[in-house]
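What the sequence shown shows, in the working numbering, is residues 1375 to 1545, in sequence order. Remarks on the structure that follows.
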Amino acid sequence: MYNKVIMVGNLTRDIELKYLPSGAAVARSSIATSYKYKAQDGSQKEEVCFLEFNIFGRIAEVANQYLRKGSKVLLEGRLVYESWTAQDGSTKNRHTLRVDEMKMLDSKGSSEGSGYNNQSQSYGNSNQNNYGAQAPKDYEQPSYDNYGGGAMKPNKASNIPEIDIDDEIPF
């Protein structure tokens, strides 16, 4: 089977960056995208889709450094079905996007891009044909009842170099 999703939209909240005990970075956020169409009665309709996503490794650190709520981004990855037991004993389920590739679509210095542009920056795994890429072994299903509380301390945050985006883009 083939599981590949490409979403273009705006972040609905800032990136939440945490680190696993191994030091691997995990970023979480959500993206909003919309589809506009004309209904049979001639009126304009719009469907909005919100999707949570997870990014692992260096891409997660780059996302945390450069993306903010409202940033326009292209995310490429695969859908993952998550299931967990809430504190009240009920089973909760949802689909999330496990991101393999990320492309920032905002123009430089803007958090409200106006679509695709030729100055976007792309980040992804070195093995681009590895569509079945797995999360790090020590990644555990998050507890959504305590979501946002008690963030883990970064183990290797001091080793993350600042990226001067002006030096990275050749034009």
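Even glycine gets a Cβ: it sits at the ideal position worked out from N, Cα and C.
Where residue i falls: helix, strand or coil (DSSP)
| i | result |
| --- | --- |
| Ala1406 | strand |
| Ser1457 | strand |
| Tyr1376 | coil |
| Ala1401 | strand |
| Ile1429 | strand |
| Gly1451 | strand |
Pairwise C-alpha distance: residue j and residue i
| i | j | result |
| --- | --- | --- |
| Glu1390 | Ser1464 | 26 Å |
| Gln1414 | Asp1462 | 44 Å |
| Asn1384 | Ser1445 | 5 Å |
| Trp1458 | Asn1467 | 7 Å |
| Glu1475 | Glu1450 | 5 Å |
| Glu1456 | Ala1406 | 19 Å |
| Thr1386 | Ala1460 | 24 Å |
Where the beta strand (DSSP E) containing residue i begins and where it ends
| i | result |
| --- | --- |
| Ile1380 | Val1379 to Leu1385 |
| Tyr1355 | Residue 1355 is absent from the structure shown; the chain starts at 1375 and stops at 1545. |
Proximity below 8 Å, CB of residue i to CB of residue j
| i | j | result |
| --- | --- | --- |
| Val1447 | Leu1453 | no |
| Asn1428 | Arg1402 | yes |
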